[in-house]
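Residue numbers (our numbering), protein chains in the order written: chain F, 174 to 287; chain Z, 1001 to 1114.
Here it is, written out as structure tokens:
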């Protein structure tokens, strides 16, 4: 079974803090993704990575950065957290081949920025 | 542009009723993939099905069935004899062939009442 884990289920931070969200997968997947989920908006892609040290912007990258130093680990960084970044963050991974392969998701991190 | 629309925001039915969740998509690609995911109250997205655009056969898995119709750009999901454990938010998603990412609908919150 594919396992995607995220470092925290719940996180509370203050405005202006630097926040790290960690994601680890154990299936040797090339692709990893960060989404945020907000009521009425579904899931929106923040960033994804198709290989170590490679990254591409998704639909809403503003205010976020990412790091992928090892294949199994993908970090989302909020350089200076703001209240509008309060949300549910979901990490996913998939194999690069075939294209359009199933993405498997972690349990999510519910981040509150005060 | 790629888009997925789940027009039903919330559905509430009594246990043992059949229920259909609608999904309509837009894409200019001829090759693409469609998905359904379930998000129970615990928050993790659970993969249900992946379908490629060349396979229009309907699929049945236990009480779940999916109806894919390219002519109407729809990929609807039916739960037969619903159970309380089916209560969740359900997401339909589209993956264009040349992109690795998923485009999600807004989700449908399904409540099954005993």
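Ideal placement from N, C-alpha and C gives every residue a C-beta, glycine not left out.
Compare the Cα-Cα distances from residue i to each of the options and report the closest residue.
i                       : options                    : result
residue 240 of chain F  : F/269, F/256, F/223        : F/223
residue 254 of chain F  : F/281, F/246, F/184, F/179 : F/184
residue 287 of chain F  : F/180, F/268, F/187, F/182 : F/187
residue 225 of chain F  : F/189, F/204, F/215        : F/204
residue 232 of chain F  : F/242, F/243, F/220        : F/220
residue 230 of chain F  : F/194, F/284, F/206        : F/206
residue 1041 of chain Z : F/227, F/261, F/276        : F/261
Within the continuous beta strand (DSSP E) that includes residue i, where are the two ends?
i                       : result
residue 287 of chain F  : Unbroken run through residue 287 of chain F: none, as it is neither H nor E.
residue 1093 of chain Z : 1088-1096
residue 1024 of chain Z : 1024-1026
residue 1052 of chain Z : 1046-1052
residue 200 of chain F  : Unbroken run through residue 200 of chain F: none, as it is neither H nor E.
residue 215 of chain F  : 215-224
residue 185 of chain F  : 183-186
residue 1012 of chain Z : 1010-1014
residue 1073 of chain Z : Looking at the DSSP string, residue 1073 of chain Z is not in any beta strand (DSSP E), and its letter there is neither H nor E.
If I measure Cβ to Cβ from residue i and keep anything under 6 Å in the same chain, skipping five residues before and after, which residues do I get?
i                       : result
residue 199 of chain F  : 176
residue 1113 of chain Z : 1014
residue 238 of chain F  : 250
residue 1025 of chain Z : 1004, 1073, 1094
residue 1029 of chain Z : 1096, 1097
residue 1102 of chain Z : 1093, 1095
residue 245 of chain F  : 197, 198
residue 274 of chain F  : 267, 268
What does a CB cutoff of less than 8 Å around residue i pick up in its chain, not counting 5 residues either side in sequence?
i                       : result
residue 1111 of chain Z : 1010, 1011, 1012, 1013, 1087
residue 1018 of chain Z : 1078, 1079, 1080, 1081, 1082
residue 259 of chain F  : 284, 285, 286
By Cβ distance below 7 Å, which residues in the same chain neighbour residue i in space, the five residues on each side in sequence not counted?
i                       : result
residue 280 of chain F  : 179, 182
residue 189 of chain F  : 253, 254
residue 263 of chain F  : 208, 210, 216, 278, 279, 281
residue 1008 of chain Z : 1021, 1022, 1108
residue 1027 of chain Z : 1002, 1094, 1096
residue 193 of chain F  : 248, 250
_At 3 residues or longer, what runs of the beta strand (DSSP E) sit wholly inside the region 230-257 of chain F?_
238-243, 246-251
*If contact means a Cβ-Cβ distance below 8 Å, which residues of the region 212-232 of chain F contact chain Z?*
213, 214, 215, 216, 217, 218, 221, 223, 231
*chain F contacts from the region 1043-1077 of chain Z (Cβ-Cβ distance under 9 Å)*: 1043, 1044, 1045, 1046, 1047, 1050, 1052
*What residues in the region 1020-1045 of chain Z bring their beta carbon closer than 9 Å to a beta carbon of chain F?*
1031, 1032, 1033, 1035, 1037, 1039, 1042, 1043, 1044, 1045
*Please name the residues in the region 188-205 of chain F whose beta-carbon is closer than 7 Å to at least one beta-carbon of chain Z, in chain order.*
204
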